[in-house]
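Each number in our numbering corresponds to the 1-based position in the sequence shown with 264 added.
The beta-carbon is built from N, C-alpha and C at its ideal position, and this holds for glycine as well.
Heads up: the structure comes next, in structure tokens.
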Amino acid sequence: MYIIRYNLHDLLMTSIKVKFRPSSVPDHEGTIYYQIIHERKVRQIVTDYHVFSYEWDAQRSILLLCHDTRRYTLLLSVREHIRRDMERINRICRKLESARLPYSADYIISEFNRYASEYTLFGFMETIIANLRINGNIRTSETYRAALNSFRTFIKYRVAFGPVFSPNEDIMLDSLNSELMEAYEAWLRQKKLSPNTISFYTRILRAVYNRAVEQDIIENRFPFRHVYTGVGKTVKRALPLTVIKQIKATDLSMNPSLDFARDMFIMSFYLRGMSFVDMTYLRKSDLRNGYVTYRRRKTGQLLAIKWTTDMQSILDKYPENESDYLLPIITSPGLNERCTYRNMSYNINRNLNKFAKLLNLGMRLTMYVARHSWASAAKEKGIPVTVISEGLGHDNEATTRIYLSSLDTSVIDHANSLILKSLE
265 MYIIRYNLHD
275 LLMTSIKVKF
285 RPSSVPDHEG
295 TIYYQIIHER
305 KVRQIVTDYH
315 VFSYEWDAQR
325 SILLLCHDTR
335 RYTLLLSVRE
345 HIRRDMERIN
355 RICRKLESAR
365 LPYSADYIIS
375 EFNRYASEYT
385 LFGFMETIIA
395 NLRINGNIRT
405 SETYRAALNS
415 FRTFIKYRVA
425 FGPVFSPNED
435 IMLDSLNSEL
445 MEAYEAWLRQ
455 KKLSPNTISF
465 YTRILRAVYN
475 RAVEQDIIEN
485 RFPFRHVYTG
495 VGKTVKRALP
505 LTVIKQIKAT
515 DLSMNPSLDF
525 ARDMFIMSFY
535 LRGMSFVDMT
545 YLRKSDLRNG
555 YVTYRRRKTG
565 QLLAIKWTTD
575 MQSILDKYPE
585 NESDYLLPII
595 TSPGLNERCT
605 YRNMSYNINR
615 NLNKFAKLLN
625 LGMRLTMYVA
635 RHSWASAAKE
645 KGIPVTVISE
655 GLGHDNEATT
665 RIYLSSLDTS
675 VIDHANSLIL
685 KSLE
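Quick look at the structure:
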């Protein structure tokens, strides 16, 4: 059997002990509670953790873990919960001691209860997501929502194989430890997710954790030090100019859905690989004096692109947009624009993939391929590799943005004109 002792006496003025109260009914589980003694005042925190008398050593105040499989996982869960509770109470007391302000045992208990209600991981993330939406960071809020949903699913899965959490339980921020994050990473790998997708989730959770550390809610125990949070190079998704030319020339007049998807793909290519979200929210007012000027939603960088007859010819295929937006993506004022953007993105990428199968491209065709394809074509036309590849975030996007901000726009406009002439 394993013996675990919880008995904290490391504070000058406060004593914290784990106690057990047997049930008054024979053969029933008793209750574990915490005794807090401060300035000779004794208070108790009654927990929801129940064990039998033979599983608790009253003389030594320790929880006994036997190898009975019917009870082992439950007792292991109780042990883990007690450990976390002790850390929280100890942390509260240390902060109060360091502040050198008077406090009582009742205040310790109120702070413990407040922490349990306010500083759960899921609740904390919901607050962050709500604030992101209020501040207009809708895309970022959606990435945080995706990470939250993924981790929630993992916690529900872990219930069947581990003793730490109950099915509908939110978890405390300080429950994030190395063991849990390594288990989460392993679970994501089992789902056949790519390393970059795994890193996408773990980096968001790390950002949430670091925010809690900055707000002095928890101490940094570096739970992400053994999981992957980097960004690896992805498989090349660029198409050569000959294929782009084939995509442009294909007659799709009998299939309006594929035709529209192809037009948006080519428009992205014309617009120097502009992302679909930036295309969606281009306003008519952004086109003036022969240039489209916009600010990238992802980085905030201000860019200007020369408007060409090729771009105008695509725009002229469609009725004038009744909304304030330039391209025929969001066309009806008053609708949920974010929902419209997501639906259009899904439909266009789905139709592009159908188109790719028609052309036997042997790869998925998405709007993002247009971005990589323009970058590849630009390299062939003499634009420096550091400006193009790293500007797309391949290695060091932050450094490359410095190059881009100082690069004469006419240089890229000239390269773009050479690329577009290659399609004629």
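Residue i by DSSP, collapsed to three states: which one?
i    : result
R552 : strand
T544 : helix
T573 : helix
A502 : coil
V477 : helix
H302 : strand
I482 : coil
T384 : strand
I419 : helix
I647 : coil
L272 : Interpretation of L272 is limited by its pLDDT of 44, a score under 50 that renders its predicted location unreliable; the figure taken from the coordinates is listed afterwards. If DSSP states are grouped into helix, strand and coil, L272 belongs with the strands.
M518 : coil
R358 : helix
L365 : coil
I392 : helix
Considering only residues of the same chain and omitting the five flanking positions on each side of residue i, which have a CB-CB separation below 7 Å?
i    : result
G494 : S463
S637 : A502, L503, I508 and F533
S317 : P286 and G294
E478 : none
I356 : I372, E375 and F376
In the DSSP output, which residue or residues are listed as bridge partners for residue i?
i    : result
T295 : R285 and H314
D321 : I326
R559 : L566
R334 : DSSP lists no partner for R334.
T278 : H302
M528 : Its beta-bridge partners do not exist; DSSP assigns none.
I309 : Y298
Y589 : R547
M436 : T384
Throw me the rounded Cβ distance for the residue i and residue j pair, which I believe falls under 8 Å.
i    : j    : result
L522 : K456 : Not confirmed; about 30 Å, so no contact.
A568 : Y555 : 5 Å
R635 : G537 : 4 Å
R352 : Y379 : 6 Å
Y313 : V342 : 5 Å
I683 : A641 : 5 Å
Once the 5 residues before and after residue i are set aside, which same chain residues still bring their CB inside 6 Å of it?
i    : result
D527 : I578
F386 : D434
S414 : Y465
A369 : I300, H302, K305 and R307
Does the separation of the CB atoms of residue i and residue j fall below 7 Å?
i    : j    : result
T544 : I593 : yes
P487 : L440 : yes
I280 : I300 : yes
Y297 : V310 : yes
I612 : A513 : no
R561 : D574 : no
I402 : R602 : yes
S686 : L505 : yes
V472 : M389 : yes
Within the same chain, show all residues whose beta-carbon is closer than 8 Å to that of residue i, passing over the 5 residues directly before and after it, in chain order.
i    : result
M445 : T466, L469, P487, F488, H490 and V491
P384 : According to the sequence shown, residue 384 is Thr rather than Pro. Closer than 8 Å at Cβ, skipping near neighbours: D434, I435, M436 and L437.
I393 : S405, Y408, R409 and L412
What I want to know is whether the C-beta of residue i ends up closer than 6 Å to one or more non-hydrogen atoms of the ligand SAM.
i    : result
I372 : Among the components of this structure there are no ligands whatsoever, and the ligand SAM is therefore not found.
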